[in-house]
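In what follows, a structure is listed as C-alpha coordinates, so that the remarks can point back to it.
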Amino acid sequence: MILLTDDLRERLLANGRDPGADHVPVVKFFNPLGEGVWLATELDPGGDILYGLADLGFPEIGSFSLEELAAVRLPFNMGIERDSLFATDLPLSVWADAAHQAGSIRAAERIVASIARSRREGSAS
325 MILLTDDLRE
335 RLLANGRDPG
345 ADHVPVVKFF
355 NPLGEGVWLA
365 TELDPGGDIL
375 YGLADLGFPE
385 IGSFSLEELA
395 AVRLPFNMGI
405 ERDSLFATDL
415 PLSVWADAAH
425 QAGSIRAAER
435 IVASIARSRR
445 EGSAS
(Lines of atoms letter the chains of each structure in order from A and count residues from 1; the text may use other names and numbers.)
(Lines give C-alpha, C1' and ligand atoms only; values in the text may rest on other atoms or scores of the structure.)
Protein backbone atom coordinates (compact mmCIF):
# COMPACT_ATOMS: atom_id res chain seq x y z
CA MET A 1 0.00 0.00 0.00
CA ILE A 2 1.18 3.51 -0.76
CA LEU A 3 1.43 5.28 2.58
CA LEU A 4 0.89 8.77 1.16
CA THR A 5 -1.14 9.73 -1.88
CA ASP A 6 -0.22 12.93 -3.70
CA ASP A 7 -3.24 14.68 -2.17
CA LEU A 8 -2.31 13.65 1.38
CA ARG A 9 1.31 14.67 0.81
CA GLU A 10 0.23 18.14 -0.40
CA ARG A 11 -2.08 18.63 2.59
CA LEU A 12 0.67 17.60 5.01
CA LEU A 13 3.22 19.86 3.32
CA ALA A 14 0.76 22.80 3.44
CA ASN A 15 0.29 22.25 7.19
CA GLY A 16 4.07 22.04 7.57
CA ARG A 17 4.36 25.57 6.19
CA ASP A 18 2.29 26.72 9.20
CA PRO A 19 4.14 25.11 12.13
CA GLY A 20 2.77 25.61 15.59
CA ALA A 21 -0.87 25.61 14.51
CA ASP A 22 -3.20 23.01 15.99
CA HIS A 23 -3.81 21.18 12.71
CA VAL A 24 -6.38 18.49 12.09
CA PRO A 25 -4.73 15.09 11.48
CA VAL A 26 -4.54 14.39 7.76
CA VAL A 27 -3.65 10.70 7.79
CA LYS A 28 -3.65 7.72 10.14
CA PHE A 29 -1.11 4.90 9.88
CA PHE A 30 -1.36 1.68 11.87
CA ASN A 31 0.28 -1.66 12.51
CA PRO A 32 -2.30 -4.25 11.38
CA LEU A 33 -0.77 -6.91 13.63
CA GLY A 34 -0.23 -5.10 16.92
CA GLU A 35 0.67 -1.89 18.66
CA GLY A 36 1.45 1.17 16.65
CA VAL A 37 -0.78 4.02 15.51
CA TRP A 38 0.36 7.34 14.08
CA LEU A 39 -1.75 10.43 13.27
CA ALA A 40 0.14 12.87 11.05
CA THR A 41 -0.66 16.56 10.72
CA GLU A 42 2.46 17.92 8.98
CA LEU A 43 5.29 16.89 6.68
CA ASP A 44 8.66 18.64 6.43
CA PRO A 45 9.78 20.04 3.05
CA GLY A 46 12.27 17.16 2.68
CA GLY A 47 9.34 14.75 2.51
CA ASP A 48 10.36 12.38 5.29
CA ILE A 49 9.71 13.81 8.75
CA LEU A 50 6.08 13.79 9.81
CA TYR A 51 4.69 15.53 12.88
CA GLY A 52 1.72 14.35 14.86
CA LEU A 53 0.59 11.92 17.53
CA ALA A 54 2.36 8.57 17.77
CA ASP A 55 1.33 5.64 19.95
CA LEU A 56 3.72 2.72 20.42
CA GLY A 57 2.33 1.83 23.84
CA PHE A 58 1.92 5.39 25.08
CA PRO A 59 0.56 8.29 23.00
CA GLU A 60 2.88 11.25 22.55
CA ILE A 61 3.15 14.22 20.22
CA GLY A 62 6.33 14.46 18.19
CA SER A 63 8.07 13.70 14.93
CA PHE A 64 8.46 10.40 13.13
CA SER A 65 9.93 9.22 9.85
CA LEU A 66 7.78 8.25 6.87
CA GLU A 67 10.76 6.33 5.50
CA GLU A 68 11.03 4.30 8.70
CA LEU A 69 7.28 3.56 8.70
CA ALA A 70 7.53 2.35 5.11
CA ALA A 71 10.53 0.16 5.97
CA VAL A 72 8.78 -1.79 8.75
CA ARG A 73 8.43 -5.46 7.78
CA LEU A 74 5.90 -7.51 9.71
CA PRO A 75 5.07 -11.22 9.57
CA PHE A 76 3.12 -12.49 6.56
CA ASN A 77 4.90 -9.96 4.33
CA MET A 78 2.85 -7.14 5.82
CA GLY A 79 3.86 -3.60 6.69
CA ILE A 80 2.47 -0.44 8.25
CA GLU A 81 -0.86 0.48 6.65
CA ARG A 82 -2.71 3.72 5.97
CA ASP A 83 -6.31 3.86 7.21
CA SER A 84 -8.03 4.83 3.95
CA LEU A 85 -11.30 5.50 5.82
CA PHE A 86 -9.80 7.85 8.40
CA ALA A 87 -11.42 11.27 8.53
CA THR A 88 -11.64 13.81 11.30
CA ASP A 89 -12.38 17.48 11.74
CA LEU A 90 -10.97 17.70 15.27
CA PRO A 91 -7.50 19.14 15.87
CA LEU A 92 -4.49 17.21 17.12
CA SER A 93 -4.84 18.66 20.63
CA VAL A 94 -8.27 17.01 21.01
CA TRP A 95 -6.87 13.69 19.79
CA ALA A 96 -3.88 13.96 22.15
CA ASP A 97 -6.08 14.78 25.16
CA ALA A 98 -8.42 11.89 24.37
CA ALA A 99 -5.52 9.48 23.79
CA HIS A 100 -3.89 10.41 27.09
CA GLN A 101 -7.23 10.05 28.89
CA ALA A 102 -8.00 6.68 27.25
CA GLY A 103 -4.43 5.37 27.26
CA SER A 104 -4.10 4.92 23.49
CA ILE A 105 -5.12 6.38 20.16
CA ARG A 106 -7.25 3.34 19.38
CA ALA A 107 -9.18 3.69 22.65
CA ALA A 108 -9.48 7.45 22.09
CA GLU A 109 -11.38 6.96 18.84
CA ARG A 110 -14.62 6.41 20.79
CA ILE A 111 -14.06 9.58 22.81
CA VAL A 112 -13.24 11.62 19.71
CA ALA A 113 -16.30 10.27 17.89
CA SER A 114 -18.46 11.35 20.83
CA ILE A 115 -16.91 14.84 20.83
CA ALA A 116 -17.44 15.16 17.07
CA ARG A 117 -21.06 14.00 17.41
CA SER A 118 -21.68 16.54 20.18
CA ARG A 119 -20.19 19.34 18.08
CA ARG A 120 -22.33 18.39 15.08
CA GLU A 121 -25.48 18.25 17.21
CA GLY A 122 -24.58 21.59 18.83
CA SER A 123 -24.10 23.30 15.47
CA ALA A 124 -27.36 21.83 14.10
CA SER A 125 -29.47 23.51 16.76
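Our numbering numbers the first residue of the sequence shown as 325 and each following residue consecutively. Every residue, glycine too, gets a C-beta built ideally from N, C-alpha and C.
{"Query": "Could you pull the start and end residues of the beta strand (DSSP E) that Glu384 belongs to?", "Result": "Pro383 to Ser389"}
{"Query": "Taking C-alpha atoms, which residue in Trp419, Gly427, Ile326 and Val418 lies nearest to Leu380?", "Result": "Gly427"}
{"Query": "Using a 10 Å radius around the Cβ and a threshold of 16 neighbouring Cβ atoms, would you call Leu416 buried or exposed?", "Result": "buried"}
{"Query": "Taking just the CA atoms, how far does Thr412 sit from Ala437?", "Result": "9 Å"}
{"Query": "For Gly358 and Asn339, what's the separation of their Cα atoms in angstroms?", "Result": "29 Å"}
{"Query": "Label Thr329 either buried or exposed according to how many other C-beta atoms from any shown protein chain fall within 10 Å of its C-beta, with 16 as the threshold for buried.", "Result": "exposed"}
{"Query": "Give the C-beta separation of Glu366 and Leu377 to the nearest angstrom, bearing in mind that I take them to be a contact with Cβ-Cβ under 8 Å.", "Result": "Rounded, the Cβ-Cβ distance is 12 Å, inconsistent with contact."}
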